[in-house]
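Once you know that position 184 of the sequence shown is 184 in UniProt numbering, the rest is easy, because the numbers rise by one and skip nothing.
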Amino acid sequence: MSFLIAAPETMVTAVSDLSSVGSALTAANAAAAAQTTQLVAAGADEVSAAIATFFNSTGQAYQALGDQMAAFHQEFVQALGAGARSYANAEAAAVSPLQALQQEILDVINFPSVALTGRPLIGNGANGRPGTGENGAPGGWLIGNGGNGGSATSTTGTGGRGGNGGAAGLFGNGGTGGTGGYGLNVLATSGGAGGNGGAGGLLFGLGGAGGAGGLGASVTGGAGGVGGTGGLFGAAGVGGVGGTANGGATAGAGGAGGHGGLFTSGGAGGAGGFSTTGQGGAGGAGGAAGIFGDGGDGGTGGQGSTRGGDGGQGGNGGLLAGFGGSGGDGGSGVGGGGVSGNGGAGGTAGLIGDGGNGGAGGHFGALGHGGNGGNAVLIGNGGNGGNVATNVPVGTPGLGGVGGLLLGYQGADGLRP
Numbered sequence: 001m002s003f004l005i006a007a008p009e010t011m012v013t014a015v016s017d018l019s020s021v022g023s024a025l026t027a028a029n030a031a032a033a034a035q036t037t038q039l040v041a042a043g044a045d046e047v048s049a050a051i052a053t054f055f056n057s058t059g060q061a062y063q064a065l066g067d068q069m070a071a072f073h074q075e076f077v078q079a080l081g082a083g084a085r086s087y088a089n090a091e092a093a094a095v096s097p098l099q100a101l102q103q104e105i106l107d108v109i110n111f112p113s114v115a116l117t118g119r120p121l122i123g124n125g126a127n128g129r130p131g132t133g134e135n136g137a138p139g140g141w142l143i144g145n146g147g148n149g150g151s152a153t154s155t156t157g158t159g160g161r162g163g164n165g166g167a168a169g170l171f172g173n174g175g176t177g178g179t180g181g182y183g184l185n186v187l188a189t190s191g192g193a194g195g196n197g198g199a200g201g202l203l204f205g206l207g208g209a210g211g212a213g214g215l216g217a218s219v220t221g222g223a224g225g226v227g228g229t230g231g232l233f234g235a236a237g238v239g240g241v242g243g244t245a246n247g248g249a250t251a252g253a254g255g256a257g258g259h260g261g262l263f264t265s266g267g268a269g270g271a272g273g274f275s276t277t278g279q280g281g282a283g284g285a286g287g288a289a290g291i292f293g294d295g296g297d298g299g300t301g302g303q304g305s306t307r308g309g310d311g312g313q314g315g316n317g318g319l320l321a322g323f324g325g326s327g328g329d330g331g332s333g334v335g336g337g338g339v340s341g342n343g344g345a346g347g348t349a350g351l352i353g354d355g356g357n358g359g360a361g362g363h364f365g366a367l368g369h370g371g372n373g374g375n376a377v378l379i380g381n382g383g384n385g386g387n388v389a390t391n392v393p394v395g396t397p398g399l400g401g402v403g404g405l406l407l408g409y410q411g412a413d414g415l416r417p
């Protein structure tokens, strides 16, 4: 019995399933009763009468047996349901005191810190309320994740800004930035910017992602929030996506990626927003690494009706060692005579490492130039230049980055179609 376990949720599901099976069988028996217990003799002879009597007797016996089985089934279902409720009540009675005790211990530990700084030693920060643009609360000084920023209010003017994500303490992840509010007035409105991601734990933790920019009804989309900084051992947060411009001039730019910690990589930049009648948003720049680590990739430029957004620049690699991030690709210009966005430049490497590749020009419009490859420093190869768009007139390919001073090759130039 020491290895016996009970799962009340599974038992409750089984009770429901068994009840359904019992109801179906009872209904089937009732439907068959008339056809199996009230047979009429095929003829007036004794043989036909005897056959009808035999089958009617068999049907009646089956119905009696079915009634007994239904009663047993009902008793079994009731017993199983009672057992499930008993186990659930026992678990609740056992868990509630433990939870209360745990909370009381945390309250005692956190009381001095909260009284002096307004921030606990251990515990997650509260999330900002939706529709308010409130910032997420910071996590505990020792352990705890930062709260997520609240989404912003959508108003009849410019949409509100999303709340910033809360920072973590020594250990924990930063909160995610809130989404920017929508601009609802069709006359002249812009979307609100997304909130920035919270910083990751000082020793270990991931930076929070930036919030997405809000939709602009007739002017511009909101910019994406910046990604949170990574911890000593924790990646940085990615930038938020730029907001859409629905009938407006320019979509929102993607947020920049967060900076990496001492031993971690930078975050990727957010993609630029889409514009239905104007220019796509620029991609966010990739975040730089710390001492060791790679730079974040630049965000892709947003698609635009008249012009695609430019790709974001790749982040620089770690100071001592690390690759540069790749530049983001330019967005496509898809309207009549639409122009493609330019590819972003690749990031510079650290003392040891390769430069990032340049982003390609947008694919479906004309004149999308390729981004230049990033340079190496001491040891490493330069990044390759970005290719150009295929539509005529074509843009200029990106140049390859310079190789390392001590050892390394120059990157290849981008290609024409």
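Quick reminder that beta carbons are idealized off the backbone N, C-alpha and C, glycines included.
query                                                                                                                 : result
Cα-Cα separation, T348 to A271                                                                                        : 21 Å
The stretch 230-237 contacting the stretch 275-282, beta-carbon criterion three pairs below 8 Å                       : no
Status (buried if at least 16 other CB within 10 Å, exposed otherwise) for R307                                       : buried
Coil, strand or helix - A70 by DSSP                                                                                   : helix
Per-residue DSSP class, three states only, for V108                                                                   : helix
Cα-Cα separation between G330 and L101, rounded to whole angstroms                                                    : 56 Å
Close beta carbons around L320, own chain, < 8 Å, minus the five adjacent residues each side                          : I291, F292, G350, L351 and I352
Anticipated Cβ contact below 8 Å, A164 with N196, distance rounded                                                    : Residue identity check: residue 164 is Asn in the sequence provided, not Ala. Their Cβ separation, rounded to whole angstroms, is 5 Å, which keeps N164 and N196 in contact under 8 Å.
Pair within 8 Å by beta-carbon distance, T158 and G133                                                                : no
Test item: CB-CB of G222 and G213 under 8 Å                                                                           : yes
Straight-line gap, N135 to G257 (C-alpha atoms, nearest Å)                                                            : 19 Å
Coil, strand or helix - F171 by DSSP                                                                                  : strand
Nearest candidate by alpha-carbon position, reference L206, set H369, S218, L378 and G227                             : G227
Alpha-carbon spacing of T179 relative to G343, whole angstroms                                                        : 27 Å
Same chain, Cβ closer than 7 Å to G243, five either side skipped, listed in chain order                               : G180, G191, A212, G213, G214, L215, G216, G221, G222, A251, G252 and G273
Three-state class that DSSP yields for S275 in the structure shown                                                    : strand
Cutoff 6 Å; reference G225; Cβ partners in own chain excluding five residues on either side                           : G177, G194, G195, N196, G210, G211, G240 and G255
6 Å Cβ shell around L378 - same chain, five flanking residues per side excluded                                       : L351, G404, L405 and L406
Per-residue burial, A115 [other beta carbons within 10 Å of its own, 16 or more giving buried]                        : exposed
C-alpha distance - S2 paired with A82, whole-angstrom precision                                                       : In this prediction, S2 has a pLDDT of 45, which is less than 50 and means its spatial position is unreliable; what the coordinates show is noted afterwards. Between S2 and A82, the C-alpha separation is close to 22 Å.
Contact set for G325: own chain, Cβ-Cβ below 6 Å, skip 5 residues either direction                                    : G286, G295, G296, D297, G314, G315, G347 and G356
Complete beta strand (DSSP E) runs within the stretch 213-241 (minimum length 3 residues, chain order)                : none
Assigned secondary structure, F54 (DSSP; H/G/I helix, E/B strand, else coil)                                          : helix
Beta-carbon separation (whole angstroms), G150 vs G128, contact threshold 8 Å                                         : 3 Å
Length of the line joining the Cα atoms of A268 and P393                                                              : 31 Å
R119 burial status per 10 Å Cβ neighbour count (16 or more: buried)                                                   : buried
Sub-8 Å separation of G304 and G327 beta-carbons                                                                      : no
Classification of G414 by the beta-carbon crowding that lies within 10 angstroms, buried from 16 upward               : buried
Identity of the residues DSSP links to V339 by a beta bridge                                                          : R307 and A366
Short Cβ contact (8 Å threshold) for A245 with T264                                                                   : no
Backbone CA spacing between A412 and G358 [nearest angstrom]                                                          : 10 Å
Local Cβ density within 10 Å of A152, reported as buried at 16 or more and exposed below that                         : buried
Residue burial classification, T121 (beta-carbon count within 10 angstroms, cutoff 16)                                : Looking at the sequence shown, residue 121 is not Thr but Leu. Counting Cβ neighbours within 10 Å, L121 comes out buried, since at least 16 surround it.
Own chain, CB closer than 6 Å to T58, minus 5 neighbours either side, in chain order                                  : none
Neighbourhood of L170 by C-beta distance below 6 Å, restricted to the same chain and skipping five residues each side : L142, G201, L202 and L203
Which residues DSSP lists as bridging L407, in chain order                                                            : I379
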